[in-house]
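Going by my numbering, the sequence shown opens with residue 17, and the numbers climb by one from there.
Even glycine gets a Cβ: it sits at the ideal position worked out from N, Cα and C.
Since the model is a prediction, treat every value here as computed from it, not as a measurement.
Structure first, commentary second.
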Amino acid sequence: MQTTFMLETSLFVATIAALGMLSPGPDFFLIIKNAARYRRSAALMSALGVNCAVATHMAYCVAGLAVVITTTPWLFMLLKYAGAAYLIYIGIQALISRGGSKMDLSNVAPEQASLKKAFLQGYLCNLLNPKATLFFLSIFTQVLNVNSDIGEKLLYAGIILGLSTLWWPLLVVLIQSAPVRRGLAKAQRIVDKLLGGVLIALGIKVALS
Numbered sequence: 017m018q019t020t021f022m023l024e025t026s027l028f029v030a031t032i033a034a035l036g037m038l039s040p041g042p043d044f045f046l047i048i049k050n051a052a053r054y055r056r057s058a059a060l061m062s063a064l065g066v067n068c069a070v071a072t073h074m075a076y077c078v079a080g081l082a083v084v085i086t087t088t089p090w091l092f093m094l095l096k097y098a099g100a101a102y103l104i105y106i107g108i109q110a111l112i113s114r115g116g117s118k119m120d121l122s123n124v125a126p127e128q129a130s131l132k133k134a135f136l137q138g139y140l141c142n143l144l145n146p147k148a149t150l151f152f153l154s155i156f157t158q159v160l161n162v163n164s165d166i167g168e169k170l171l172y173a174g175i176i177l178g179l180s181t182l183w184w185p186l187l188v189v190l191i192q193s194a195p196v197r198r199g200l201a202k203a204q205r206i207v208d209k210l211l212g213g214v215l216i217a218l219g220i221k222v223a224l225s
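Listed below in structure tokens is the structure:
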């Protein structure tokens with residue numbers, strides 16, 4: 017009986033987490049922007065950054081600190097506005113970028129600093145998103161109770177982190193596949209401006225929500 021319940025709950029967690037990752041949001045548009053603009057190594061570093069941020073969320077959810085964040089008004093507001101400001105910042109960067117009209121990933125050789133920047137973009141984009149905090153907290157509060165042990169918490173955290181580890185690199189590969197890449201190459205500047213505008217709009221939405 018307990019095993020059946022755990023399997024059903026694990027499936028529930030996996031389904032909700034997958035739907036959340038598939039829904040277009042800040043992480044989704046950031047990964048698309050970087051996958052469209054940079055070579056695979058840099059785009060995968062952004063995906064790794066998002067995964068590390070998800071791991072950070074899982075760590076404080078398992079430790080019970082998510083409740084502290086969401087129930088401390090000044091702390092939650094600080095997270096909210098920091099996240100909004102960062103989304104607007106990277107959106108503006110995309111708008112003012114001077115990228116060429118053609119995307120040629122084979123000729124782009126990012127330096128170590130650019131890989132670090134790509135990682136930090138992914139990490140901060142997810143970590144500073146207050147909706148990510150609320151999303152993960154809502155999952156944990158629905159499946160856990162006062163009798164839940166650390167093993168159960170780690171199981172659900174592992175499911176979420178595992179899905180994240182699979183999805184974001186897969187999105188990079190999909191965006192950089194030959195058919196998609198050819199389409200993006202024809203309008204790289206437009207793609208940059210469009211995704212930059214979307215990130216700015218998401219930042220404003222986070223600030224006003």
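Worksheet entry | F67, buried or exposed, once every other Cβ within 10 Å from all chains shown has been counted against 16 | This sequence places Asn at residue 67; Phe is not what is there. Sixteen is the threshold: when 16 or more other Cβ atoms of the shown chains lie within 10 Å of the Cβ of N67, as they do, the residue is buried.
Practice prompt. Let me know the alpha helix (DSSP H) ranges lying completely inside the segment 135-173, each 4 residues or longer, listed in chain order.
Written response: Runs of the alpha helix (DSSP H) inside the segment 135-173: 146-159.
Worksheet item: Using CA coordinates, which residue listed in I47, N163, Y54 and L27 is at the minimum distance from G65?
Response: The residue with the shortest Cα to Cα distance from G65 is I47.
Item to complete: Could you have a look at S117 and say whether DSSP puts it in helix, strand or coil?
Response: Caution is warranted here: a pLDDT of 40 is assigned to S117, below 50, making its placement in the model unreliable, and the coordinate value is therefore given only provisionally. Of the three classes helix, strand and coil, the one that applies to S117 here is coil, per DSSP.
Discussion item. Mapping the DSSP letters down to three states, classify S57 as helix, strand or coil.
Written reply: In the three-state reduction of the DSSP assignment, S57 falls in the helix class, which pools H, G and I.
Worksheet item: What three-state label does DSSP hand L71 in the structure shown?
Response: Strictly speaking, residue 71 in this sequence is Ala, with Leu absent from that position. Helix, per DSSP.
Worksheet item: Which of the three DSSP states, helix, strand or coil, is assigned to V222?
Response: It is helical.
Worksheet entry | Span separating the alpha-carbon of S62 from that of S130 | Roughly 10 Å separates the two Cα atoms.
Practice prompt. Determine whether the Cβ of M93 lies closer than 9 Å to any Cβ atom of chain B.
Written response: The chain inventory of the structure shown lacks chain B, comprising one protein chain alone.
Worksheet item: Going by other Cβ atoms of all chains shown within 10 Å of its Cβ, with 16 needed for buried, is N163 buried or exposed?
Response: exposed
Worksheet entry | Environment of I206 [buried if 16+ CB atoms lie within 10 Å] | exposed
Worksheet item: When the Cα atoms are used, what is the spatial distance from V222 to E168?
Response: 32 Å
Discussion item. Going by DSSP, what residue range makes up the alpha helix (DSSP H) through P251?
Written reply: Summary: the structure shown does not reach residue 251, with the chain confined to residues 17 through 225, and so no result is reported for it.
Worksheet entry | Secondary structure of G212, DSSP reduced to three states | helix
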